[in-house]
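Numbering of the sequence shown is given in UniProt numbering, commencing with residue 1 and proceeding in unit increments.
Structure record follows, encoded as structure tokens.
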Amino acid sequence: MMIKSEQEISIMAEAGKKLKFVLTELRKAVKPGITTLDLNTLAERLIIEQGAKVSFKGYQGYPFTLCTSVNEEVVHTFPSDRILEEGDIISLDLGLIWQGWQSDSAITVGVGKIAEEAERLLRITEESLWKGIAQVKPGNTVGDIGAAVQEHAEKAGYGVVRALTGHGIGTKLHEPPAIPNFGKKHKGMSLQEGMVIAVEPMITMGHYNVDIDPKHWTVKTKDGSLAAHFEHTIAIIKNGHKVLTA
Ligand code: MF3
Ligand code: CO
Numbered sequence: 001m002m003i004k005s006e007q008e009i010s011i012m013a014e015a016g017k018k019l020k021f022v023l024t025e026l027r028k029a030v031k032p033g034i035t036t037l038d039l040n041t042l043a044e045r046l047i048i049e050q051g052a053k054v055s056f057k058g059y060q061g062y063p064f065t066l067c068t069s070v071n072e073e074v075v076h077t078f079p080s081d082r083i084l085e086e087g088d089i090i091s092l093d094l095g096l097i098w099q100g101w102q103s104d105s106a107i108t109v110g111v112g113k114i115a116e117e118a119e120r121l122l123r124i125t126e127e128s129l130w131k132g133i134a135q136v137k138p139g140n141t142v143g144d145i146g147a148a149v150q151e152h153a154e155k156a157g158y159g160v161v162r163a164l165t166g167h168g169i170g171t172k173l174h175e176p177p178a179i180p181n182f183g184k185k186h187k188g189m190s191l192q193e194g195m196v197i198a199v200e201p202m203i204t205m206g207h208y209n210v211d212i213d214p215k216h217w218t219v220k221t222k223d224g225s226l227a228a229h230f231e232h233t234i235a236i237i238k239n240g241h242k243v244l245t246a
């Protein structure tokens with residue numbers, strides 16, 4: 001069901017608050033020397049400690065709680081014994097389930113001190129997410145969100161990944177409608193009060209083409225350029241929106 005009641009959105013807001021807490025702890029744990037599997041273990045512990053359930057593990061066979069995509073990896077990278085090094089950037093993409101309702105959010109974090117150009121990629125990608133979020137209100141369209149994200153990223157000289165999109169979210173992680181990070185103003189489905197969506201720009205320093213490993217899930221830039229990814233879960237309410245994971 002695309003339209004959620006006020007009561008359901010308030011449960012999704014609780015889910016979002018828990019997810020925000022876990023991602024904040026994960027951000028603090030990102031340091032040179034830690035492995036991406038350590039981060040997965042921490043994420044799982046913190047979700048369970050809050051009485052919530054992990055979401056991604058088992059979803060279409062995904063084997064972990066967290067996605068840990070480093071440098072040219074865009075999204076969906078399995079945690080492993082990979083040791084983070086000073087100067088890396090890592091996308092931490094996490095979901096959880098609270099009282100049957102899903103929440104989904106991602107941040108990209110620098111490991112120690114990172115290059116100025118990597119810093120800029122993170123800043124522009126997060127800004128592009130917020131430009132998209134600013135379009136989220138009843139009567140606007142899915143295309144308004146995509147156009148705003150795309151304009152901000154491309155103006156900075158970056159690529160907008162086309163192969164994956166944001167999505168509706170509710171009792172299932174992925175529900176209609178798809179929320180592309182590119183598009184045309186006033187086009188696509190109209191947003192309505194009660195919809196809940198995940199907006200998640202994936203932005204590349206070079207070309208937006210990606211390779212997808214069908215067995216290990218990893219999505220990487222084809223040209224090896226750095227990529228960043230930020231995501232929030234957002235409810236559409238009477239006169240605007242509420243970011244549930246902020
Ligand atoms: N935020 C990602 C997405 O919406 C998380 C999915 S990872 C998966 O696609 F393993 F759960 F698929
Ligand atoms: Co998502």
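The beta carbon of each residue, even a glycine, is placed where N, CA and C say it ideally should be.
Owing to the predicted nature of the structure, the values given are computational and were not obtained by experimental measurement.
Taken atom to atom, the span from the alpha-carbon of H216 to that of K155 is near 33 Å. Around the C-beta of I48, fewer than 16 other C-beta atoms lie within 10 Å, and the residue is accordingly described as exposed.
In this structure, the alpha-carbon of L191 lies about 13 Å from that of A134. In this structure I203 is buried. Its beta-carbon is surrounded by 16 or more other beta-carbon atoms within 10 angstroms. I114 and E126 have their alpha carbons spaced roughly 16 Å apart.
Annotation for G16: the continuous alpha helix (DSSP H) segment containing it runs E6 to A29. Excluding sequence positions up to five before and after Y59, its CB lies within less than 7 Å of the CB of L173, all in the same chain and listed in chain order. Per the coordinates, the alpha-carbon of D81 lies some 6 Å from the alpha-carbon of T36. In the displayed model, K242 falls within a strand according to three-state DSSP.
Going by beta carbons, L42 and S105 fall outside the 8 Å limit. For K220, the enclosing beta strand (DSSP E) begins and ends at V219 to T221. For G100, the CB stays at least 7 Å from every heavy atom of the ligand CO.
Close CB contacts of V243 within its chain, under the 7 Å cut and outside five residues either way in sequence, are with I133, H232 and I234 (chain order). Counting C-beta pairs with one atom in each stretch, the stretch 5-16 and the stretch 25-36 have fewer than three that are closer than 8 Å, which means they do not touch. Here D88 is buried, its C-beta having at least 16 other C-beta atoms within 10 Å. In the structure shown, G61 adopts helical secondary structure according to DSSP, grouped into three states.
Under the 8 Å Cβ criterion, the stretch 173-182 does not count as touching the stretch 212-231, having fewer than three qualifying pairs.
In the structure shown, the three-state DSSP call for A228 is strand. With distances taken between CA atoms, S128 lies nearest to A153 out of A153, M195, E72 and G166.
For the pair L26 and L39, the Cα-to-Cα distance works out to about 7 Å. In the DSSP assignment, L94 falls within the beta strand (DSSP E) that extends over I89 to W98.
Beta-bridge partners of W101 (DSSP): W98. Residue side-chain check: E200 places its Cβ nearer than 7 Å to a non-hydrogen atom of the ligand CO.
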